[in-house]
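In my numbering, the protein residues as written are 15 to 71. A virtual CB, placed ideally from N, CA and C, is assigned to each residue, including glycine. Predicted model, so just to flag it, every value in this text is computed and none were measured. These notes are about the structure you will find just below.
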């Protein structure tokens, strides 16, 4: 958690994925909750996400 809304709330310093959508152009939209008080959306590309999973970033 980096952002203030990810660090302060009912359950502080807690973020959790709720689902993801892979768009035809390779964009990945990851919906996530933060601190049991906020719904958020993060975007990346499929290539960046896979690189992060492999520890390459």
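* To do: Verify whether the separation of the beta carbon atoms of residue 29 and residue 45 is less than 7 Å.
  => In the chain shown, the residue the question calls residue 29 occupies position 15. In the chain shown, the residue the question calls residue 45 occupies position 31. Result no, Cβ atoms of residue 29 and residue 45 do not sit closer than 7 Å.
* Can the beta-carbon of residue 8 be found closer than 7 Å to that of residue 27? -> Outside the shown range of the chain (15 to 71) lies residue 8, about which nothing can therefore be said.
* Asked: How long is the line joining the alpha carbons of residue 52 and residue 17, rounded to whole angstroms?
  -> Taking the first residue of the chain shown as 1, we reach residue 52 at position 38. Taking the first residue of the chain shown as 1, we reach residue 17 at position 3. When rounded, the distance between both Cα atoms is 12 Å.
* Asked: Thinking C-alpha only, which one of 48, 62, 56 and 34 is nearest residue 23?
  -> Indexing the chain shown from 1 puts residue 23 at position 9. The residue with the shortest Cα to Cα distance from residue 23 is 48.
* To do: Check the C-beta distance from residue 43 over to residue 59 and give it rounded, since I have them as a contact under 8 Å.
  => Translated into the one-based positions of the chain shown, residue 43 becomes position 29. Translated into the one-based positions of the chain shown, residue 59 becomes position 45. Between residue 59 and residue 43 the Cβ distance is about 11 Å, and since that is not below 8 Å, they are no contact.
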